[in-house]
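Engineer: Please find one structure pasted underneath; my questions will follow.
Protein chains in written order, with the working numbering: chain A, -2 to 174; chain B, -2 to 174.
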């Protein structure tokens, strides 16, 4: 069965962005030739789920090639219908239905690329299988939290930790069966 | 100069307790003969700072011997005066003044043993020198957060990570000068 994975960076105090979607803290760990396993990870997936706000943010900041590159199915979770763009589908239905359908399809794994709202919605329904969380050595003090209040408790299985010269620490967990 | 250190356990989603001060998640990593470096750490300190609620909680749950054992100076941060008990002093003044005074005194390091309110107050004033954070492999979903909103950003220096058989991961950072 296909798995859904998170692959996300957070500050030590649990923020994935400073206020106003400010991601400049990621520059602290930018290093030429170091992608922190991102390419290897994305090779394990052929489908991306992403919230509409995050999608629009990436479209504006990085450009359409990041998602709409024909390499992967991209499901943008939104309340507003939009026509499909290449392999990018704007999905307005129930998210748990989508996940159940995708998991029962054949294919590589599924990457949940945020934002926090969609991650927390999936966690509420115990639908995340793998968590790969990169901790940036900084306290941001305020911003968008990776984990929101009001989810059920969930025991994880620790898989491994990787450390990097920049001080980034990458924690790998999976859902306990 | 003496340093102030945190040594605290949190869930992966950043909670140090479930609602109603429920610390039962710590049982997930209990293992005979494994103290996760606590004894070695406490040997480096001779002074403890602790919030009044946490102090009362420990007094009720563990008993007076944990703090009032004559081994260390204990400063309980409180708004209500109480008479000193052995080396346990109830401190009602300004916390930054206390820290400045303690740091300029001779001695071993200072252990800030929580709770979240006092930790965040110290972080607001950039007064924590070392952070030793043990991540328990669980998502609690709600409870008392280690880090509260509304602190200044602060870059940290990553020192090391230790992993344990139980899945606990211990991250060591220090304040960047």
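Note that beta-carbon positions come from the ideal geometry of N, C-alpha and C, so glycine has one too.
Using alpha carbons as the reference points, say which of 140(B), 30(B), 171(B) and 151(B) lies closest to residue 20(B).
Structural biologist: Taking only the C-alpha atoms, the option nearest residue 20(B) is 140(B).
Engineer: For residue 45(A), which residues of its own chain have a beta-carbon under 6 angstroms away from its beta-carbon, when the five flanking residues on both sides are left out?
Structural biologist: Taken in chain order, the residues that qualify are 69, 71, 108 and 110.
Engineer: From the DSSP output, which residues share a beta bridge with residue 46(A)?
Structural biologist: The partner list for residue 46(A) (beta bridge, DSSP) reads 72(A) and 109(A).
Engineer: Step through the CB atoms of chain B and report whether any lies within less than 7 angstroms of the CB of residue 148(A).
Structural biologist: Taking Cβ atoms only, chain B reaches closer than 7 angstroms to residue 148(A), which makes this a yes.
Engineer: For residue 160(A), report the span of its beta strand (DSSP E) as first-last.
Structural biologist: Looking at the DSSP string, the run of the beta strand (DSSP E) that includes residue 160(A) is 151 to 160.
Engineer: Compare the C-beta of residue 134(B) with all C-beta atoms of chain A and state if any pair is closer than 7 angstroms.
Structural biologist: Taking Cβ atoms only, chain A reaches closer than 7 angstroms to residue 134(B), which makes this a yes.
Engineer: Put residue 100(B) into one of helix, strand or coil per three-state DSSP.
Structural biologist: DSSP places residue 100(B) in helix when its eight states are reduced to three.
Engineer: Along chain B, in chain order, which residues have C-beta atoms closer than 7 angstroms to that of residue 131(A)?
Structural biologist: Chain B residues near residue 131(A): none, gap ~12 angstroms exceeds 7 angstroms.
Engineer: If we count the other Cβ atoms within 10 Å of its Cβ and call it buried at 16 or more, is residue 51(A) buried or exposed?
Structural biologist: Result: buried.
Engineer: Looking at the strands, I want to know which residues DSSP matches up with residue 167(B).
Structural biologist: Beta-bridge pairing links residue 167(B) to 131(B) and 159(B).
Engineer: Looking only at its own chain, which residues have a Cβ that is under 7 angstroms from the Cβ of residue 156(A), when we skip the five neighbours before and after it?
Structural biologist: The answer, listed in chain order, is 169, 170 and 171.
Engineer: With DSSP run on the structure shown, which of helix, strand or coil describes residue 139(B)?
Structural biologist: Here residue 139(B) sits in coil by DSSP.
Engineer: Tell me whether the segment 86 to 96 of chain B and the segment 110 to 122 of chain B touch, counting them as touching only if at least three CB pairs, one residue from each stretch, are closer than 8 angstroms.
Structural biologist: Touching, yes, given that three or more Cβ pairs across the two stretches are closer than 8 angstroms.
Engineer: Would you verify that the beta carbon of residue 151(A) is, or is not, closer than 7 angstroms to some beta carbon of chain B?
Structural biologist: Yes, contact with chain B.
Engineer: Is any beta-carbon of chain B found at less than 7 angstroms from that of residue 34(A)?
Structural biologist: Chain B, which has no Cβ nearer than 7 angstroms to the Cβ of residue 34(A), makes this no.
Engineer: Determine which residues of the segment 162 to 173 of chain B have a Cβ less than 9 angstroms from any Cβ of chain A, and write them out in chain order.
Structural biologist: The segment 162 to 173 of chain B vs chain A, Cβ under 9 angstroms: 163, 164, 165, 166, 168, 170 and 173.
Engineer: Below 8 angstroms, can you find three or more Cβ-Cβ pairs linking the segment 4 to 17 of chain A to the segment 129 to 146 of chain A?
Structural biologist: Touching, yes, given that three or more Cβ pairs across the two stretches are closer than 8 angstroms.
Engineer: For residue 84(B), which residues from the same chain have a beta carbon less than 7 angstroms from its beta carbon, with the 5 sequence-adjacent residues on both sides left out?
Structural biologist: 67, 69, 70 and 71, listed in sequence order.
Engineer: Interface residues of chain A around residue 154(B) at Cβ under 8 angstroms?
Structural biologist: What residue 154(B) touches in chain A: 134 and 164.
Engineer: With a cut-off of 8 angstroms on the beta carbons, I'd call residue 135(A) and residue 56(A) a contact; round off their distance for me.
Structural biologist: 27 angstroms between Cβ atoms; not a contact.
Engineer: In chain A, which residues lie with their C-beta within 8 angstroms of the C-beta of residue 2(B)?
Structural biologist: Simply none; closest approach about 15 angstroms.
Engineer: Find out if the Cβ-Cβ distance for the pair residue 143(A), residue 47(A) is shorter than 7 angstroms.
Structural biologist: No, the Cβ-Cβ distance between residue 143(A) and residue 47(A) is not below 7 angstroms.
Engineer: Which chain A residues are close to residue 139(B), counting only those with a beta carbon under 8 angstroms from its beta carbon?
Structural biologist: Here the neighbours are 146, 147 and 148.
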